[in-house]
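Working notes, beginning with the structure itself.
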Amino acid sequence: MEFFNPENLPVEKLTLSVSNAGVVQNIKALDVYWVEKRQWLLYERPPESNNMILGATDAWKMKMKVYLEDLKWLLGLKHHRFWSTVLYDTNCMDALVSFLQEASPPYMPPHECKEAQRLYEQIRRLILIIFSRLITNKESKSHWMSKEYMGSLLYDRFIFTVPVVWDLCLVYGVDNSSHLARLLDGVFSLQPRYLADTAAALAFVKEAFKFITLQVNKDYDSEEPPNLPETFKGFGEIKRPAESRGPDSLTFEVLRDLIVHLLDTAMTLRVFIEVYPKAVDIFRKTSFVLSIVQLYEYGIPKFYEKLEEFGDKLGGGKVTEVVTHVDLVRSELIDILREILAIYKNAIFSGEGNVAAHVEDFLAVMMDALAEKLLIRDYHLCYPVNEDLEMLRQAYPDIDTVKTDFILQAIYSNLDEPLPEEALGNPHGVLTNGHLPVINSAGPSGAIDNAASAAIDTTASSATDNEIPLQVKEESLISEVKDILPHLGDGFILKCLQHYGFNSERVINSLLEGNLAEPLRGVDQTLPIIPEDRVDQKFLETGVQRLNVFDGDEFDIMTRDDVDVSRIHVGKKRREYRDLRDMLDDKAEVRSRADIYSKYNLVCDEVSMYSDEYDDTYDGEEAGARDAAAPDDVRPFVTPRVLAARQTQSEESEEEEDTKQVQELGAKTTASRDRMDFCINPEEMRARREANFQARRGKGFRPPPPRNTDVAGKPKGQGQDKEVLVNRDKKEKHKSSRGNHNRRQGAQWKRSQGMMPS
């Protein structure tokens, strides 16, 4: 039967026609019909040389050749047959996963038989190709599957699970990291629900680390619990079958299995975070760094102690190999921390996203690593922290120097080495509170404890430091503590500083480790600063006790030197007004506004400028005539001597008449000004209106025609005029103002009041 898909449909929607004995059937492209019955073999590890049985290697090679042929046959199937086999033949996936579970880890040496090693490499290569095909949604134009459907298949049919992904990391992460990175990116992009599964798997790994730590710290000869930190309390032990019971003692075989399991897990997680950096957020949310720090602190040293005990009993041959595995575990745990920090550093240097947030995440991971001393000490010996912090300062100058200096002091206090001055964020080793660091080289008793002893020595202050007021120093130390622990109250921090001799590093150390002094445990951590009472302070200074309700107020001259004397009045203070009448009789405010109202009484002397009867029609023409009649080259007009005497007499008579007119006009103006009122006289206004009314009723006056108030209009069906419609609307609006309106409501009200029978 030939594959036929002319419309290029996805394989989940495709139906193929099959002819069987002349009968045509329509079968889906993904169906159990396309599964070929086949006997699948499971992968087995090659036999080890120390327990070699004669012919075991040859028998293993014969089986693995058949297993290799099964893989080649599976890869040779067409797209729909391949997926039908994977989905509906459960033995197929069991055969593929068996190789991931039994494959040799990278730390194991290759097999001595070259032919067996070559066969193993061929199988290993085909398994990677098959899993790569499982996340390839499109092989050709007609052979493809939608990404949504593929993502649901991978997750719901358990084709890919977190254990399968981690096994792929362990088997292929060392030499095929780039190809594995593309494979994991495809898996998590096709189905984001794997992220939640990864978080749950990391939580299980944390419990496994605690279980291993408990096993190596447990005293099997005593029933007392091991001496471990409080974080191990409430540990949910891994569930076991009901009929099984724990070992009575820790044997060498059990210890070796624990170490091998720990090595596989550590290497797997290191490769996983390396090939899939997006998982760093899951590591941060689950606080996985704290888990490996505790394992490194309380588990690794016990491994060496137990192996040393078994070495004295069993000899050095078996123990040496296991010790090498413990060394690899240490290396892998350090590399996990290195990879997590490298992801944030790469994001900072490349400028991706929020650089400030990446810097804070980097410092937060470093602070988690400072919870114990062994891991951060070995990490610094492999990868110097001061170099990383210096690179971060250059890439992001606004980095929090308080945190970086605290990290460096905590690290160098464990190494019995002086802290380099150039390693600090402030020049000359001066910290933010103005004190010089004093390094204590008495010996490493713990990263945080020695960091506190290597921190600020407030008793050895410089001359400049002595000049700073005590209140300013306290505020500086409080702000330094709040930079790291911002949820604490200023008053609580001040009490802690007073108890620890104003050593901010000891305060931070005690708060982070939860071992505050007994007097401070019951104090409210949100306590603000309560200012001192001036009266109590004065009593302590002078020994004079004063009992008064006004002690310490703003007018107390016994405790204050800055009293505002202007607010003090000796004797009984007179009120401004005795009563309401006295207040209304006060015209001081009115008199202060007299100058403003006086401006409105000014009248211009030039009455003609404000007279409505002044005619200025020819003012412009006279000015234009004067301008045009006065050219420079025209001889001025001269009066004849014969007419000079007559003109003089006429001018004198005209001047006398003008003088009389001016005097009469001035008298009228003065009289009108004297009787100018604030408003128009109402009598004059009524007389003026009456005169206008009589003028309209005289000759030539015609009253306006009566307004058309018709609301009946024309008969129905002939249309109505606009005036009729307007009158109807007006009548409707104003009908409430007419008599006998709403008489029904009035009658009803009268009945309710008993005024008329109902």
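Note that UniProt numbering gives residue 281 to position 281 of the sequence shown, counting from 1, and the numbers run on in steps of one. Every residue gets a Cβ at the ideal spot worked out from N, C-alpha and C, and that includes glycine.
Does the Cβ-Cβ distance between Pro10 and Met145 come in under 9 Å? In this structure, Met145 lies closer than 9 Å to Pro10 by Cβ.
By DSSP, does Lys373 sit in helix, in strand, or in coil? Correct three-state label for Lys373: coil.
Per DSSP, the bridge partner or partners of Leu516: Paired residues: none, contrary to the question.
Using DSSP bridges, identify the partner residues of Leu16. Answer is Ile27, bridged to Leu16.
According to DSSP, residues forming a beta bridge with Trp144: Lys138, per the DSSP bridge assignment.
Three or more C-beta pairs under 8 Å: does that hold for the region 186-194 against the region 152-164? Counting Cβ pairs under 8 Å, three or more are found: they touch.
Rounded to a whole number of angstroms, what is the C-alpha to C-alpha distance between Asn5 and Arg81? The straight-line gap from Cα to Cα measures roughly 14 Å.
Neighbour-count burial assignment, residue 780, 16 or more Cβ in a 10 Å radius: For residue 780 there is no data in the structure shown, the boundaries of the chain being 1 and 758.
Taking one C-beta from the region 155-175 and one from the region 269-276 each time, how about it: are there three or more such pairs within less than 8 Å? The region 155-175 makes contact with the region 269-276; the number of CB pairs closer than 8 Å reaches 3 or more.
Helix, strand or coil: how does DSSP classify Ala266 here? Under the three-state reduction of DSSP output, Ala266 falls in the helix class.
Quick one: give me the first and last residue of the alpha helix (DSSP H) that Cys113 is part of. For Cys113, no alpha helix (DSSP H) encloses it, and the DSSP letter there is neither H nor E.
Pair within 9 Å by beta-carbon distance, Val481 and Val523: No. Outside cutoff.
Count the other CB atoms, across all protein chains shown, that sit within 10 Å of the CB of Val24; report buried if there are 16 or more and exposed otherwise. Result: exposed.
Provide the residue span of the alpha helix (DSSP H) that contains Lys730, from first to last. Lys722 to His734 is the extent of the alpha helix (DSSP H) around Lys730.
Member of Arg124, Lys37 and Ala56 whose CA lies at the smallest distance from the CA of Pro46: Nearest of Arg124, Lys37 and Ala56 to Pro46, Cα basis: Ala56.
Any chance the CB of Phe3 is under 8 Å from a heavy atom of the ligand COA? Here there are no bound small molecules, and the ligand COA is not part of this structure.
Backbone secondary structure at Arg81 - three-state DSSP: DSSP places Arg81 in helix when its eight states are reduced to three.
Proximity below 9 Å, CB of Lys403 to CB of Ile484: Yes, the pair counts as a contact, with Cβ atoms nearer than the cut-off.
Coarse secondary structure for Ala199, derived from DSSP in three states: Under the three-state reduction of DSSP, Ala199 is assigned to helix.
In its own chain, which residues sit with a C-beta less than 7 Å from the C-beta of Ala279, not counting the 5 before and 5 after it? Cβ within range, chain order: Thr198, Phe272 and Ile273.
Endpoints, alpha helix (DSSP H) assigned at Pro163: Where Pro163 is concerned, the enclosing alpha helix (DSSP H) stretches over Val162 to Tyr172.
For Leu389 and Leu512, the rounded distance between their alpha carbons: For Leu512 and Leu389, the distance between alpha carbons rounds to 22 Å.
Burial state of Ser178, where buried means 16 or more other Cβ atoms lie within 10 Å: So Ser178 counts as exposed.
By the 10 Å Cβ neighbour count, where 16 or more other Cβ atoms means buried, how is Gln718 classified, buried or exposed? Sixteen is the threshold: since fewer than 16 other Cβ atoms of the shown chains lie within 10 Å of the Cβ of Gln718, the residue is exposed.
Using beta-carbon positions only, say whether Leu337 and Val365 come within less than 9 Å of one another. In this structure, Val365 lies closer than 9 Å to Leu337 by Cβ.
Is it buried or exposed, Val565, if we count other Cβ atoms within 10 angstroms and call 16 or more buried? Burial call: exposed.
In angstroms with no decimal places, state the Cα-to-Cα distance between Asp556 and Asp562. Taking the CA atoms as reference points, Asp556 sits about 10 Å from Asp562.
Secondary structure of Met756, DSSP reduced to three states: The answer is coil: DSSP assigns Met756 none of H, G, I, E or B.
Proximity of Leu477 and Ile529 at Cβ, strictly below 9 Å: If you check the CB distance, Leu477 and Ile529 do not come in under 9 Å.
With 16 as the cutoff for other CB atoms within 10 Å, does Phe204 come out buried or exposed? With fewer than 16 other Cβ atoms inside 10 Å of its own Cβ, Phe204 counts as exposed.
Buried or exposed for residue 765, going by 16 or more other Cβ atoms inside 10 Å? Because the chain here runs from 1 to 758, residue 765 falls outside it and cannot be looked at.
Taking C-beta to C-beta, are Ala201 and Val162 nearer than 9 Å? Result yes, Cβ atoms of Ala201 and Val162 sit closer than 9 Å.
DSSP state of Arg751 mapped onto helix, strand, coil: In the three-state scheme derived from DSSP, where H, G and I count as helix and E and B as strand, Arg751 is classed as helix.
How many Å lie between Leu497 and Lys473 at the Cα? When rounded, the distance between both Cα atoms is 11 Å.
Residue from Val570, Lys587 and Leu119 whose Cα sits closest to the Cα of Tyr577: Closest by alpha carbon: Lys587.
Measuring CB atoms only, is the region 70-89 touching the region 103-120, in the sense that at least three cross pairs come out at less than 8 Å? Touching, no, given that fewer than three Cβ pairs across the two stretches are closer than 8 Å.
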